[in-house]
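Chemist: Take a look at the following structure, please.
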Amino acid sequence: MIEEVLNVILAMSPIFVYLYLASLGNSLVEKSGILNLAIDGAYTLGVALVFTLLVYVGDPTLALLITSFLIGLLGVLVAFLTTKLPISHGAVGLSIQFIGYGLASFLAYPMSLRVRAEKISLNTYPTVPEVVLSFLILSLLISVLINLLIHKTKLGAAIRAVGENPAGASALGVNVLKIRVIATFLGYALIGSASSLFLLLYTKNWQEGLGMGYGWISFAISLSSGRHPIVGIATSAIFAILIRYAYVLQDILVGYGINISNFIVIALPFMAAVLIPIAVTAIPQLRRRFAPPKHLGKIFFSEERSV
Amino acid sequence: MRLIVVKRVKTSSLHFIGIPVLSILIGLVISTLIFASIGVPPDLFIKEIISGFQSPQTLRYFALLTILGVALMMSFRASIWNIGAEGQMIWGMLAGGYVALFVAARSMYVSPSELPSYASMPGVEVLDASPVKPVISILLMDPTLGKLLMVLFGMLAGGLWALIPALLKAYLDIDEVATTLILNYVAYQLFNHLVSYNLRGLSVQARQFFRTDRMNSALLFNLIPGTSVTVQEAVMAVIFFVAIVLIYRYTTIGLRLKIIGSNPQLLRSVGVDERKYILLAMFLSGMLAGAAGVSISANPGIGKLEKIANVVSPPTMNLGYTAILVSWLSMLDIKLVPIYAYVVASLFQGSSLLQSEINTLLPELSLTGAALTYVPIGSILIVYVVLRVFADYSIRVRR
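These protein sequence lines are chains A and B, in that order.
Each residue of the first sequence is one higher than the one before, starting from 706 at the first, in this note's numbering.
Each residue of the second sequence is one higher than the one before, starting from 820 at the first, in this note's numbering.
Structural data, given as structure tokens:
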């Protein structure tokens, strides 16, 4: 029995890690009041970046760290544009998403041809229990740390204040831009690590369009867990099990005479990403508890201000 | 000395023209630099973009982007960010395809000996002349009626698909950008499922690959000679454009659709249920996108539905995303939509010309279609988003 549970945990862990870290990053960004619609572009770009870097530097951990840092910088750009200028968060997010898609293909496609032509073997993480479990434990550790950061520290209080009421926080002497830059840098760095692990621990290779849509699944996880680091663990686990065992479900359903194709299996996590937030918002208690920060996605702009 | 941002009292018309034009120019410069960094000669880039403006193929994208630009403009005006035009087009293709393949015409097996007598009948088309199992397509109704039904069902399907995020937005306040985008991926996979199983054709090619039969050629839209644009899509673009202009100008519904974006409290205070108008805006938007989907799959150059091999290159050609550019650049003013639809269509065509040029001249660069469309789209959008600030705000120097 224990062995079976352990096997299930081992099998879903890589998926859990790449979904959860990105949703955690998204929660952190959105806690600071920035509507994070660039997440899918950042995710897709992160997958492409880590692949390209892996060929250059050879070491997966180094590639992961550089990718996280670079994606973190992208987050700083988002924070700067949405805080300093009175522009729509949605518009900035979508534009950066498209640039992310384009650059991902621009960077990684030539590299993927080279890898195939020169038969370069990619030095990704082996999917052995020790490695998988250490990443699982590491991500749970990060979740505890981020939870402490948000709910117990002064910086966390500032992040929440900036998300709920930036003008008020600013009047109390909080530097809104500084706090948002810190929150988005950390958040995007987490999204960058998640997308790196998506490639390094899960797909192990790159193809055109890899990662597209997974940022949105993480976005939905974060949304339906009320942007809470600990609740997100449960929601991510549900999605991870769904993705890992969808083919088993397909087999079981065949036994009942229901045939669902592989395409439906691929679509399942996306359908869940629409359905689970509905389920959460339809329950009034959860809806109140999981309410987004009051100033999420709203333009923070006091009539006259210095640039 | 400091720089300060001050809100303008009134938007000047100079900005209305200047901002989109500047965004396109700066965005193109940025993309030129990005591509030049790996060795695409800037003059080649510029040459192909310019030739996009004169290419006959551009007219097709022009018609489609006008329809889609109007569709998105309508929802954006109502402050609903419909990024799901891709999915709505996919459903338009499916519904239109279903009508063309199973209602207005039908494909069937005939015995090889009867094939010649069938082939001479009017409205019958041989899809597969294999000596073992020949397949024909029989027209079951007047082709004009058939085409009309294709468009109507396509519009209905697109509109209904758009209602899902609209209902979530109106009644549960779930952000529609995320849901419309996620539903695009669902639509792609459902398309694959339906095309590979339920709509799968009978002919050898359809059985070998995951695709439907070819649509009966009487049901395909008619090309305007010398171009790749069809009469039907051009007519639809004109009808939709005029209809929406008239709705906006002369009807209460149009007025309310505009107000909901700028002042929803006003609507509520006069006793209008604004949620119904959210649904209406999305339904209309999805309907037009569905019509665009039908025109893509019923183009004689395509005429069938085929499994999507990679979500980067769906049959919608990513026009649903490209159209966001059209409606933003036109500053959500419907009169400007056709102008920017033409500009963006030319850029779109220019980038695909550039891709084929690079593939032949500089194959070692190996740039994909995704890179060549998304990088310019994204660069122009981000510049536009930043410059847009200057329409409502001015930056002054204070000592």
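Heads up, the beta-carbon is just placed ideally off N, CA and C, and yes, glycines get one too.
On a predicted model such as this, the values are computed, not experimentally measured, just so you know.
At a CB-CB cut-off below 7 angstroms, which residues of chain B make contact with Tyr806/A?
Modeler: Ala1189, Tyr1193
Chemist: To be precise: take each residue of the segment 1075 to 1093 of chain B, compare its Cβ to all Cβ atoms of chain A, and keep it if any distance is under 9 angstroms. Which residues remain?
Modeler: none
Chemist: Of the residues Asn1118/B, Thr1135/B, Arg1075/B, which one's Cα is nearest the Cα of Ala919/B?
Modeler: Cα-wise, what sits closest to Ala919/B is Asn1118/B.
Chemist: Just to confirm the assignment, what range does the alpha helix (DSSP H) spanning Leu1148/B have?
Modeler: 1138 to 1148
Chemist: Determine the burial state of Tyr893/A: buried for a count of at least 16 other Cβ atoms within 10 Å of its Cβ, exposed for fewer.
Modeler: buried
Chemist: Are the segment 733 to 751 of chain A and the segment 952 to 970 of chain A in contact at 8 angstroms, needing three or more beta carbon pairs?
Modeler: no
Chemist: Val755/A and Leu905/A - do their beta-carbons sit closer together than 8 angstroms?
Modeler: yes
Chemist: Where Glu1183/B and Leu767/A are concerned, what is the direct C-alpha to C-alpha distance, given to the nearest angstrom?
Modeler: 28 angstroms
Chemist: Are there any heavy atoms of the ligand GTP lying less than 7 angstroms away from the beta-carbon of Ile896/A, as far as the coordinates show?
Modeler: In the structure on display, the ligand GTP does not appear, and there are no ligands present to speak of.
Chemist: Tell me Phe1030/B's beta-bridge partners as DSSP assigns them.
Modeler: The sequence given here has Arg at residue 1030/B, not Phe. According to DSSP, Arg1030/B bridges with Glu1125/B.
Chemist: I'd like the list of long-range same chain contacts for Asn741/A, defined as Cβ closer than 6 angstroms, with 5 residues on each side in sequence excluded.
Modeler: Asn731, Val734, Glu735
Chemist: Buried or exposed: which applies to Ser839/A, given that a residue is buried once 16 or more other Cβ atoms fall within 10 Å of its Cβ?
Modeler: When all chains shown are included, Ser839/A counts as exposed.
Chemist: Could you name the residues of chain B that Trp921/A contacts, counting a contact when the two beta carbons are closer than 8 angstroms?
Modeler: Ala997, Leu1000, Ile1001, Tyr1004
Chemist: Note down the Cα distance separating Lys1154/B from Gln1168/B, rounded to an integer number of angstroms.
Modeler: Gln1168/B has its alpha-carbon roughly 23 angstroms from the corresponding atom of Lys1154/B.
Chemist: Please identify the residue among Ser832/B, Ser939/B, Met1101/B, Val840/B whose C-alpha is closest to the C-alpha of Arg896/B.
Modeler: Met1101/B
Chemist: Among Leu770/A, Met706/A, Ile792/A, Ile720/A, which one has its Cα closest to the Cα of Ala951/A?
Modeler: Ile720/A
Chemist: Quick one: Cα of Asp992/B to Cα of Ala987/A, how far?
Modeler: 10 angstroms
Chemist: Of the residues Asn852/A, Ser737/A, Ser875/A, Gln955/A, which one's Cα is nearest the Cα of Gly780/A?
Modeler: Ser737/A
Chemist: Can you tell me which of Gly978/B, Thr1071/B, Val1202/B puts its alpha carbon nearest to the alpha carbon of Gly846/B?
Modeler: That would be Val1202/B, whose Cα lies nearest to the Cα of Gly846/B.
Chemist: Once DSSP output is grouped into helix, strand and coil, what is the label at Thr832/A?
Modeler: coil
Chemist: Determine whether the Cβ of Ala987/A lies closer than 8 angstroms to any Cβ atom of chain B.
Modeler: yes
Chemist: Please state the DSSP three-state secondary structure of Leu822/B.
Modeler: strand
Chemist: In angstroms with no decimal places, state the Cα-to-Cα distance between Ser1146/B and Pro931/B.
Modeler: Cα-Cα distance, rounded: 53 angstroms.
Chemist: In chain order, what are the residue ranges of uninterrupted alpha helix (DSSP H) at least 4 long that sit wholly in the segment 947 to 1012 of chain A?
Modeler: 967 to 987, 989 to 994
Chemist: Report the option in Thr830/B, Lys866/B, Gly837/B, Arg1033/B whose CA atom is closest to the CA atom of Leu1166/B.
Modeler: Lys866/B
Chemist: Roughly how far, in whole angstroms, is the beta-carbon of Tyr814/A from the beta-carbon of Glu913/A, given that I think they are within contact range, below 8 angstroms?
Modeler: 6 angstroms
Chemist: Based on Cα-Cα distance, which residue from Phe1040/B, Ser898/B, Trp980/B, Asn1011/B lies nearest to Thr963/B?
Modeler: Phe1040/B
Chemist: Just checking my contact of Val764/B with Arg1075/B at CB under 8 angstroms: how many whole Å lie between their CB atoms?
Modeler: Residue 764/B is absent from the model: chain B starts at 820 and stops at 1218.
Chemist: Can the beta-carbon of Ala924/B be found closer than 8 angstroms to that of Asn1035/B?
Modeler: Yes, these two residues count as a Cβ contact at 8 angstroms.
Chemist: Any C-beta of chain B sitting closer than 8 angstroms to the C-beta of Leu818/A?
Modeler: yes
Chemist: Starting from the Cα of Thr940/A, find the closest Cα among Glu869/A, Trp911/A, Ala984/A, Glu823/A and give me that residue.
Modeler: The shortest Cα separation from Thr940/A among Glu869/A, Trp911/A, Ala984/A, Glu823/A belongs to Ala984/A.
Chemist: For Met1150/B and Ala1110/B, which I take to be in contact (beta-carbon distance under 8 angstroms), what is that distance rounded to the nearest angstrom?
Modeler: Between Ala1110/B and Met1150/B the Cβ distance is about 24 angstroms, and since that is not below 8 angstroms, they are no contact.
Chemist: With C-beta atoms as the reference, is Gly861/A less than 8 angstroms away from Leu850/A?
Modeler: no
Chemist: Can you list, in chain order, the residues of the segment 969 to 986 of chain B whose Cβ is nearer than 9 angstroms to any Cβ on chain A?
Modeler: Taking 9 angstroms as the Cβ-Cβ cut-off against chain A, the residues of the segment 969 to 986 of chain B that qualify are Ile983, Pro984.
Chemist: List, in chain order, every chain B residue whose beta-carbon is nearer than 7 angstroms to that of Ile971/A.
Modeler: Gln1008
Chemist: Helix or strand or just coil, what does DSSP make of Thr1049/B?
Modeler: strand
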